[in-house]
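Undergrad:
In the numbering used here, the protein residues as written are 602 to 772.
So, in structure tokens, the structure goes:
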């Protein structure tokens, strides 16, 4: 019979993920977001103009509608900028870190031994700016568990190769 011990761990001695310098998303990702939001704003503006032209009951409220619409556009762009600035990532010897969030900051630390599959995606706007998105699938997940957008395509391909190499070493 072996003696069972269950010693307390001094958590102050554990490595701190907060001390790891994170890499921000590529500056072109902000441009990609602006183009995508610009297309949404264009479609919404056309819809608002059509409503204001064809719904005569709103003629007295048109400046209120235009002002409210303008406020929503500014708010959307401000939130988009904050989302862009809050996302960052890092790859370490044994795991990867991804930080995101506006009100609450979420930090995911995924050990490489949990990674099952890696995918690289380029949307048409991202491709125009030379960017790609890495999707990381872990054990037990149906969809990707982590998406890191806004990475230069060449770097994204290198990251995919790194992660695929880590997966192969596990097999």
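All residues carry an ideal CB built from backbone N, CA and C; glycine is no exception. If you're wondering where the values come from, they're calculated on a predicted model, not measured in any experiment.
Do you know how far the Cα of residue 681 is from the Cα of residue 634?
TA: Residue mapping note: residue 634 aligns to position 33 of the chain shown, counting from 1. Residue mapping note: residue 681 aligns to position 80 of the chain shown, counting from 1. Rounded to whole angstroms, the gap between the alpha carbons of residue 634 and residue 681 is 7 angstroms.
Undergrad: Under 8 angstroms, do residue 691 and residue 683 count as touching if we go by C-beta distance?
TA: In the chain shown, residue 691 corresponds to position 90, counting from 1. In the chain shown, residue 683 corresponds to position 82, counting from 1. Result no, Cβ atoms of residue 691 and residue 683 do not sit closer than 8 angstroms.
Undergrad: Return the first residue and the last residue of the alpha helix (DSSP H) that residue 656 is part of.
TA: Position 55 of the chain shown, counting from 1, holds the residue named residue 656. Unbroken run through residue 656: none, as it is neither H nor E.
Undergrad: State the start and end residues of the unbroken beta strand (DSSP E) segment that holds residue 720.
TA: For this step, residue 720 is matched to residue 119 along the chain shown. Residues 716-722.
Undergrad: In the DSSP assignment, the beta strand (DSSP E) including residue 739 goes from what residue to what residue?
TA: The residue labelled residue 739 in the question sits at position 138 within the chain shown. Run containing residue 739: 732-739, per the beta strand (DSSP E) assignment.
Undergrad: Please look up how many angstroms separate the CB atoms of residue 675 and residue 649, rounded, as I've assumed it's under 8 angstroms.
TA: By 1-based counting over the chain shown, the position of residue 675 is 74. By 1-based counting over the chain shown, the position of residue 649 is 48. Wrong, their Cβ atoms sit about 15 angstroms apart, outside the cutoff.
Undergrad: Quick one: what's residue 677 bridged to in DSSP?
TA: Here the question's residue 677 lines up with position 76 in the chain shown. Looking at the DSSP assignment, residue 677 forms no beta bridge with any residue, so it has no partner.
Undergrad: Going straight from the alpha carbon of residue 711 to that of residue 746, what length do you get?
TA: The sequence position of residue 711 within the chain shown is 110, counting from 1. The sequence position of residue 746 within the chain shown is 145, counting from 1. In a straight line, the C-alpha of residue 711 is about 10 angstroms away from that of residue 746.
Undergrad: Give the straight-line distance between the Cα atoms of residue 637 and residue 726, rounded to the nearest whole angstrom.
TA: Your numbering for residue 637 matches position 36 in the chain shown. Your numbering for residue 726 matches position 125 in the chain shown. So the alpha carbons of these two residues sit roughly 8 angstroms apart.
Undergrad: Mind checking residue 627: buried by the 16 CB within 10 Å criterion, or exposed?
TA: The sequence position of residue 627 within the chain shown is 26, counting from 1. Under this definition residue 627 is a buried residue.
Undergrad: Secondary structure at residue 729, three-state DSSP: helix, strand or coil?
TA: Translated into positions along the chain shown, residue 729 becomes position 128. In the structure shown, residue 729 sits in a helix (DSSP, three-state: H, G or I).
Undergrad: On the premise that residue 630 lies in contact with residue 732, defined as a C-beta separation below 8 angstroms, what is that separation, rounded to the nearest angstrom?
TA: Here residue 732 refers to the residue found at position 131 of the chain shown. Here residue 630 refers to the residue found at position 29 of the chain shown. Sure, about 6 angstroms apart at Cβ, within 8 angstroms.
Undergrad: Quick one: what's residue 748 bridged to in DSSP?
TA: Translated into positions along the chain shown, residue 748 becomes position 147. BP columns for residue 748 point to 736.
Undergrad: What is the rounded straight-line gap between the Cα of residue 719 and the Cα of residue 694?
TA: Your numbering for residue 719 matches position 118 in the chain shown. Your numbering for residue 694 matches position 93 in the chain shown. About 17 angstroms.
Undergrad: Apply the 10 Å Cβ neighbour rule to residue 767 and answer buried if 16 or more other Cβ atoms are within range, or exposed otherwise.
TA: Counting from one through the chain shown, the residue named residue 767 turns up at place 166. Residue 767 should be labelled buried.
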